[in-house]
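Counted the way numbering that gives the first Met the number 0 counts, the sequence shown spans residues 0 to 214.
Ideal Cβ placement from N, Cα and C applies to all residues, glycine included.
Following: one structure in structure tokens, then a few remarks.
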Amino acid sequence: MPFPTHLLTEDEDLVLDLRPHWWYLAPSGALLAVVTLVALAALRTSWWGPLDWAILLLLFGALGFFGFTYLQWTTTNFVVTNERLVSRKGVISKEGIEIPLDRINTVFFNQSIFERIIGAGDLGIESAGEGGRQEFTDIRKPNLVQNEIYRQVEGLEDRRLRRLGLAAAEAAPATQAEPQLSIPEQIEKLDQLRRQGVLTDEEFEAKKRELLDRM
Numbered sequence: 000m001p002f003p004t005h006l007l008t009e010d011e012d013l014v015l016d017l018r019p020h021w022w023y024l025a026p027s028g029a030l031l032a033v034v035t036l037v038a039l040a041a042l043r044t045s046w047w048g049p050l051d052w053a054i055l056l057l058l059f060g061a062l063g064f065f066g067f068t069y070l071q072w073t074t075t076n077f078v079v080t081n082e083r084l085v086s087r088k089g090v091i092s093k094e095g096i097e098i099p100l101d102r103i104n105t106v107f108f109n110q111s112i113f114e115r116i117i118g119a120g121d122l123g124i125e126s127a128g129e130g131g132r133q134e135f136t137d138i139r140k141p142n143l144v145q146n147e148i149y150r151q152v153e154g155l156e157d158r159r160l161r162r163l164g165l166a167a168a169e170a171a172p173a174t175q176a177e178p179q180l181s182i183p184e185q186i187e188k189l190d191q192l193r194r195q196g197v198l199t200d201e202e203f204e205a206k207k208r209e210l211l212d213r214m
């Protein structure tokens with residue numbers, strides 16, 4: 000199942016939505032294949048004994064185990080957006096973890112020789128906060144996922160710097176002080192206030208003397 004888009008925020012873009020590597024299904028698939036071969040061999044007998052019925056029950060058990068594992072595979076998401084990393088899993092009840100990109104410090108990946116051949120591996124993510132380091136297994140092409148996470152972290156930082164620059168540019172005209180008037184211009188303004196009756200003659204003369212003393 001794809002990651003629900005309604006869980007994304009307004010300006011959030013989905014970058015990666017990965018299910019576990021197919022190797023996640025290998026153990027249950029191998030068990031089902033072996034039990035199926037044994038059951039087919041048992042069907043060739045002309046009569047059925049207790050062992051044959053036990054094999055049949057084992058076949059249904061292996062089929063159920065594979066079916067449940069497949070449901071787990073389809074309901075597990077490893078998601079990278081331009082703002083966060085999300086891991087969700089669960090057939091009926093859901094559990095998961097969310098790591099904001101700005102909290103990610105280091106991304107590690109680990110692959111054995113066999114995992115390199117099939118394109119699987121594990122990711123380790125160190126982040127600021129209580130979680131510390133988180134491990135994610137059965138990731139497809141973990142080296143490429145690591146690179147993509149770093150790209151999104153850098154992109155988030157670039158967007159933040161651009162927003163700060165725009166905010167500073169918009170705020171600059173509003174915070175610039177009005178041009179300072181010269182002393183003669185200030186005296187002229189005071190005289191206008193005196194003529195309008197805002198200042199008395201005594202107040203005008205006192206302010207005028209203060210300004211002249213600054214010259």
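For Glu187, three-class secondary structure by DSSP: By 1-based counting over the sequence shown, the position of residue 187 is 188. In the structure shown, Glu187 sits in a helix (DSSP, three-state: H, G or I).
Run of the alpha helix (DSSP H) containing Leu55, from where it starts to where it stops: The residue labelled residue 55 in the question sits at position 56 within the sequence shown. Start and end: 49-73.
Nearest-angstrom beta carbon gap, Ile116 and Leu84 [assumed within contact, 8 Å]: By 1-based counting over the sequence shown, the position of residue 84 is 85. By 1-based counting over the sequence shown, the position of residue 116 is 117. In fact, because the Cβ distance is near 26 Å, the residues do not count as touching under 8 Å.
Pairwise C-alpha distance: Leu55 and Ala29: Translated into the one-based positions of the sequence shown, residue 29 becomes position 30. Translated into the one-based positions of the sequence shown, residue 55 becomes position 56. Ala29 and Leu55: Cα-Cα distance of roughly 17 Å.
Residues that Pro99 bridges to, as DSSP identifies them: Position 100 of the sequence shown holds residue 99. Answer is Arg83.
Minimum C-alpha distance to Val78 - residue among Asp190, Lys206, Ile138, Leu189: Residue numbering aside, residue 78 sits at position 79 when the sequence shown is read from its first letter. With distances taken between Cα atoms, Val78 lies closest to Ile138.
As assigned by DSSP and simplified to three states, the class of Asp10: As a working note, residue 10 is residue 11 in the sequence shown. Residue state, collapsed to three classes: coil.
The alpha helix (DSSP H) enclosing Phe203, as first and last residue numbers: Reading the sequence shown from its first residue, position 204 is the one you call residue 203. 200-213 is the extent of the alpha helix (DSSP H) around Phe203.
Residue range of the alpha helix (DSSP H) that includes Ala127: If you number the sequence shown from 1, residue 127 lands on position 128. Where Ala127 is concerned, there is no enclosing alpha helix (DSSP H), given that its DSSP letter is neither H nor E.
Reduced DSSP secondary structure (H/G/I, E/B, other) of Leu30: Residue numbering aside, residue 30 sits at position 31 when the sequence shown is read from its first letter. Reduced to three states, the DSSP call for Leu30 is helix.
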